[in-house]
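Colleague: Dumping the structure here so I can ask a few things about it.
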Amino acid sequence: MTDPVSKPAAPASANRLQHLVPALIVLAVAAVVAVTSWTQQPADVFVFPRLVSVFFVILALWNATRAVLGLSKVGTGLSLREALNILPGALVMIALIYGAAKFFGFYAASSVAFLTIATLYDPAKLTSLRAWLVRIAVSAAFMGVIYLLFAVLLRVQTPRGLFF
Amino acid sequence: MALRPRLRGGLNAVFWELWSRMEFLTYMGAVFEPLSLALLVGGTIGGLILGATPGLSPTMAVALLIPFTFHLQPAQGLILLGAAYTSTVAGGAVSAILLKIPGAPANIATAIDGNAMARKGEGARALQLSFLASGVGGVFGVFVLIFLTPVLAKWVLAFSFPHLFWLAILGVTIIGSLDTKSFVKGLLSGCIGLWLSTIGTDDIYGVPRFVFHDSLTGGINIIAALIGLFAIPQVLDMMAKGRSSAVIEALEVPRHAILSAVRELISRARALILGTGIGTIIGIIPGVGGQVAGLVAYDQAQKFSPERDKFGSGHPEGIIAAESANNAMVGPSLVPLLTLGIPGSPTAAVLLGGLLIHGIFPGPDLFTTHAAVTWTFIDSMLIGQILMATFGILTAGIAAKISRVPMPIMAAAVLILALFGSYSVQQSMGDVYVMLGLGLGMYGLQKFGFSAAPLVLGLILGPIAADNFQTGSMIAAAQNGPWVYFFTGWLNILLIAMVLGSIAYSFWINMIVPRRKAQAQKAQAQKAGGQGHD
């Protein structure tokens, strides 16, 4: 797993290529919506999506044209530094939600994810015993509150998995 | 002599009209029921702390609270959401004043003079003035909500299917064009939201639409979507800063007598009246929100102040104007929401989601069928403003300490709350997948100028627009055709004009004005260059 860099990310400014990528993705989504809406049957079910798709495609085309011409300037974009900073946290997030929560159980997986994220982004040295103790104590206390709120108070049945 | 009966009749009419406006007093007792009051106090204190925490916006706080309201009675759920909405906006002033980091966009203007005062050792005075001004502005705003909403709600009775369709579209276009810096991307966000609202199995024909994964069969759950769209991008934003070791400098808060703050607030009534008035007007305008209210009020208070030179270096009027405006905005932002279904701010849009999951739809029914729920909610906002000012003054020091919770802990906490919150609604992993998927996608889009507010509104108002469009189309087919049904009649024309007007205004502001400014600057530079050569 990539270690988050210790430097805070500098404010980014998106270039033409960076604007082009989301503009083309949105255009592709608009095209899929339009093709699906206008080809699927029964037509009555797709009347409103068809109406939406017309404006969706027009606006997505306009947006893509502006991005191609370099006129799309709103938004800071995502710098490489920011992307690298996010990557480990996002991987923990995805692993927790798409696998670990169900496999290990919500509370067990969430406790580990909490501690992992708190450790990954903590500026304190990884060898600091005090920092580890604080993080473990905070994780345990927070998960205790979550358990009280969801399991005891709201009686939400979460997947148990291997553990809890 | 003939005038006397007419005069008496007129006075009677005025009396009964005023008396009918006092209906809100009938439901005041419900706010003081033990659980309701506990939720109001808890929501207010919790909201103040959440608001004071940089990186946690009021919109996200309300979105994360919605799953908890699901298990409560509608009135109690709305009391909690209303308390959180009110107090997060005001709580943002704590970090704005003590840390110079606005807790919410609405507190940007507060940070200017608030932090300057805190640096001079007047942090307590700044906080007291901020909460007192917030309380006064907030109470006035809720009274506007009380007296204006039932009148507008009656007016909505004239609305039929095509009007409700245009109204839903107006909600999307108005927030899509006013809440973003790029009107193309704002409207595109609205379109994405409208499309997302059509995902799932059609209610009438039972045919699946855009179901690319099993978890989408039942459509996109609004609560999961709200949590994903508002919480996940903030978690990622915190992560993007990396292992930042920057220590936030918090200023000391020496003691200051509350009574002298009250006297000062009264002596600076001009800034208070300006802020409250501007906040109220901006709150009623759909889609504008507290950030604009605070900044406009600050600007106007500076212009009208004889001490305008002192603004920026710690002038109390700067705080009073900004804070009274951003809290005066809260009540009126619910006027178009409760009557027309058009939210006055992004947080009000999330609140609309909270209303809908309890089966409460905006419109005249709110004051007839759901009168008890609606008036209890509005009354709780009135009491909530007073509690907010009181607890704000009492707990500002604690809130300031909590607001310094390290970013990694905050990011992890929000993620876990988002996971449990989205799962708890229907106890479905599908909702959790949708929450994360939408959150990751929204973060990417936000980085390139797209906005979550119009997308959320499209998602919420989409079914209203679709249902009225479908029903309207069937009626139109049996009558004079869709052209006559949807495009004629003064109300249709007015609503269409408003849709087009909101788009045209945004086009003017985002496309024409910057171009003209650039041209004027270029011409000025050329002129200056020419003079230099001479």
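Protein chains in written order, with our numbering: chain A, 28 to 191; chain B, 848 to 1381.
Using N, Cα and C, we set each Cβ at its ideal position, and we do this for glycine too.
The structure presented is a predicted model; accordingly, all values stated were derived computationally and were not measured.
(1) Report the start-end ranges of each alpha helix (DSSP H) in the stretch 1224 to 1294 of chain B that is 4 residues or longer and not cut off at the edges.
(2) So is B/D1050 in contact with chain A if we call contact Cβ pairs under 7 Å?
(3) If contact is defined by three or more beta carbon pairs under 8 Å, each pair taking one atom from either stretch, is the stretch 983 to 991 of chain B in contact with the stretch 1284 to 1298 of chain B?
(4) For a quick check, are the C-beta atoms of B/L927 and B/G890 less than 7 Å apart?
(5) Quick one, which of B/T1242, B/N1173 and B/K1032 has its alpha-carbon nearest A/L51's?
(6) For a minimum of 4 consecutive residues, which ranges assigned as the alpha helix (DSSP H) are wholly contained in the stretch 1046 to 1114 of chain B?
(7) Identify the contact partners of B/M1276 in chain A, using a Cβ-Cβ distance below 7 Å as the criterion.
(8) Relative to the C-alpha of B/S1320, which candidate in B/M1086, B/I1359, B/Q923 and B/F1008 has its C-alpha closest?
(9) If you measure from the beta carbon of B/K1364 to each beta carbon in chain A, is any gap under 7 Å?
(10) Identify the contact partners of A/W65 in chain B, using a Cβ-Cβ distance below 7 Å as the criterion.
(11) Using a beta-carbon distance below 7 Å, is A/N112 in contact with chain B?
(12) Between which two residues does the alpha helix (DSSP H) containing B/F994 stretch?
(13) Considering A/I163, what are the terminal residues of the alpha helix (DSSP H) in which it resides?
(14) Are the stretch 902 to 916 of chain B and the stretch 1142 to 1152 of chain B in contact at 8 Å, needing three or more beta carbon pairs?
(15) At a CB distance below 8 Å, what residues from the stretch 1345 to 1374 of chain B approach chain A? Give them in sequence order.
(16) Taking the CB atoms as reference points, tell me whether B/M1235 and B/S883 lie closer together than 7 Å.
(17) What's the C-alpha gap between A/T63 and B/R1056?
(18) Report yes if the C-beta distance between B/L974 and B/A1243 is below 7 Å; otherwise report no.
(19) Expressed to the nearest angstrom, what Euclidean distance is found between the alpha-carbon atoms of A/Q45 and A/T103?
(20) Alpha helix (DSSP H) containing A/Q68: first to last residue?
(21) Expressed to the nearest angstrom, what Euclidean distance is found between the alpha-carbon atoms of B/R1362 and B/K1369?
(22) What first and last residue would you give for the alpha helix (DSSP H) that runs through A/Y134?
(23) Is the shortest distance between the beta-carbon of A/A145 and the beta-carbons of chain B less than 7 Å?
(24) Considering Cα atoms alone, identify which of B/G1040, B/S981, B/I1079 and B/N1357 is closest to B/S1269.
(25) Kindly list, in the order they appear in chain B, the residues whose Cβ is closer than 9 Å to that of A/T185.
(26) Taking B/V1300 as part of the alpha helix (DSSP H), name the residues at either end of that continuous run.
(27) Check each candidate in B/I1343, B/V878, B/G929 and B/I1105 and name the one with the smallest Cα separation from B/P1179.
(28) Closer than 9 Å, Cβ to Cβ, to anything on chain B: give me those residues from the stretch 160 to 176 of chain A, in chain order.
(29) Given 8 Å as the limit, is there contact between the stretch 120 to 129 of chain A and the stretch 153 to 169 of chain A, that is, 3 or more CB pairs closer than that?
(30) Name the two residues that bound the continuous alpha helix (DSSP H) containing B/D960.
(31) Give me the Cα-Cα distance between B/F1151 and B/F994, rounded to the nearest whole angstrom.
(32) Answer yes if the stretch 1308 to 1318 of chain B comes into contact with the stretch 68 to 79 of chain A, meaning at least three C-beta pairs across the two stretches below 8 Å, and no otherwise.
(33) Could you check if B/D1278 is buried or exposed, using at least 16 other CB atoms within 10 Å of its CB as the buried criterion?
(34) Quick one: using the 10 Å Cβ neighbour count with 16 as the cut-off for buried, is B/H1060 buried or exposed?
(35) Listed from N- to C-terminal order along the chain, which residues in the stretch 1074 to 1089 of chain B have their beta-carbon within a distance smaller than 7 Å of any beta-carbon of chain A?
(36) Which one of B/P1255, B/V1220 and B/A1071 has the shortest CA to CA distance from B/Q923?
Modeller: By the coordinates alone:
(1) For secondary structure counted as the alpha helix (DSSP H) over 4 or more consecutive residues, the stretch 1224 to 1294 of chain B holds these complete runs in sequence order: 1254 to 1273 and 1276 to 1293.
(2) For the purposes of this step, residue 1050 of chain B is taken as the residue at position 203 of the second sequence. It does not: the Cβ of B/D1050 has no partner Cβ on chain A nearer than 7 Å.
(3) Not touching, per the Cβ criterion.
(4) Counted from its first residue, the second sequence places residue 927 of chain B at position 80. Counted from its first residue, the second sequence places residue 890 of chain B at position 43. For B/L927 and B/G890, yes; Cβs fall inside 7 Å.
(5) Position 24 of the first sequence, counted from the first residue, corresponds to residue 51 of chain A. The option with the nearest alpha carbon to A/L51 is B/K1032.
(6) The qualifying runs are 1069 to 1087 and 1105 to 1114.
(7) Counting from 1 along the second sequence, the entry for residue 1276 of chain B is found at position 429. Contact of B/M1276 with chain A by beta-carbon distance below 7 Å involves K129.
(8) Here residue 1320 of chain B refers to the residue found at position 473 of the second sequence. Comparing alpha-carbon positions, the option among B/M1086, B/I1359, B/Q923 and B/F1008 lying closest to B/S1320 turns out to be B/F1008.
(9) As a working note, residue 1364 of chain B is residue 517 in the second sequence. No, no contact with chain A.
(10) Taking the first residue of the first sequence as 1, we reach residue 65 of chain A at position 38. Identification of chain B residues near A/W65 by a Cβ-Cβ cut-off of 7 Å yields none; the smallest Cβ-Cβ distance measures about 13 Å.
(11) On the first sequence, position 85 is the one that residue 112 of chain A refers to. At least one chain B Cβ lies under 7 Å of A/N112.
(12) For the purposes of this step, residue 994 of chain B is identified with residue 147 of the second sequence, where counting begins at 1. For B/F994, the enclosing alpha helix (DSSP H) covers residues G970 to W1002.
(13) Position 136 of the first sequence, counted from the start, is the residue given in the question as residue 163 of chain A. Its alpha helix (DSSP H) spans residues L156 to I173.
(14) With the cut-off at 8 Å, the stretch 902 to 916 of chain B and the stretch 1142 to 1152 of chain B do not touch.
(15) Those residues of the stretch 1345 to 1374 of chain B placed with their C-beta closer than 8 Å to a C-beta in chain A do not exist.
(16) Counted from its first residue, the second sequence places residue 1235 of chain B at position 388. Counted from its first residue, the second sequence places residue 883 of chain B at position 36. Not a contact, by the Cβ cut-off of 7 Å.
(17) As a position in the first sequence, residue 63 of chain A is number 36, starting the count at 1. As a position in the second sequence, residue 1056 of chain B is number 209, starting the count at 1. If I take the Cα positions, the gap works out to 9 Å.
(18) The sequence position of residue 974 of chain B within the second sequence is 127, counting from 1. The sequence position of residue 1243 of chain B within the second sequence is 396, counting from 1. Against a cut-off of 7 Å, the Cβ pair of B/A1243 and B/L974 comes out as a contact.
(19) One-based indexing of the first sequence puts residue 45 of chain A at position 18. One-based indexing of the first sequence puts residue 103 of chain A at position 76. Those two C-alpha atoms are separated by around 10 Å.
(20) Within the first sequence, the letter at position 41 stands for residue 68 of chain A. Per DSSP, A/Q68 lies in no alpha helix (DSSP H) segment and is marked neither H nor E.
(21) For the purposes of this step, residue 1362 of chain B is taken as the residue at position 515 of the second sequence. For the purposes of this step, residue 1369 of chain B is taken as the residue at position 522 of the second sequence. Distance between the alpha carbons of B/R1362 and B/K1369: 10 Å.
(22) Within the first sequence, the letter at position 107 stands for residue 134 of chain A. Element bounds for A/Y134: F133 to L147.
(23) Reading the first sequence from its first residue, position 118 is the one you call residue 145 of chain A. Yes, because at least one Cβ of chain B sits closer than 7 Å to the Cβ of A/A145.
(24) Along the second sequence, one-based indexing puts residue 1269 of chain B at 422. Cα-wise, what sits closest to B/S1269 is B/I1079.
(25) On the first sequence, residue 185 of chain A is found 158 positions in, with the first residue counted as 1. For A/T185, the C-beta contacts it makes with chain B under 9 Å involve F1267, Y1270, S1271 and Q1274, in order along the chain.
(26) One-based indexing of the second sequence puts residue 1300 of chain B at position 453. Residue identity check: residue 1300 of chain B is Ala in the sequence provided, not Val. Taken as a continuous stretch (DSSP letters only), the alpha helix (DSSP H) holding B/A1300 covers A1299 to A1325.
(27) For this step, residue 1179 of chain B is matched to residue 332 along the second sequence. Here the closest residue by C-alpha is B/G929.
(28) Listed by position along the chain: R162, V165, S166, F169, M170, I173 and L176.
(29) No, the stretch 120 to 129 of chain A does not touch the stretch 153 to 169 of chain A.
(30) Residue numbering aside, residue 960 of chain B sits at position 113 when the second sequence is read from its first letter. I955 to R966 is the extent of the alpha helix (DSSP H) around B/D960.
(31) Residue numbering aside, residue 1151 of chain B sits at position 304 when the second sequence is read from its first letter. Residue numbering aside, residue 994 of chain B sits at position 147 when the second sequence is read from its first letter. Their backbone Cα atoms lie some 29 Å apart in a straight line.
(32) Yes: at least three Cβ pairs fall under 8 Å.
(33) Residue 1278 of chain B sits at position 431 when you count from the first residue of the second sequence. By the 10 Å Cβ count, B/D1278 comes out buried.
(34) Reading the second sequence from its first residue, position 213 is the one you call residue 1060 of chain B. Result: exposed.
(35) Residues passing the 7 Å Cβ filter: L1083, M1086, A1087, K1088 and G1089.
(36) As a working note, residue 923 of chain B is residue 76 in the second sequence. It is B/V1220.
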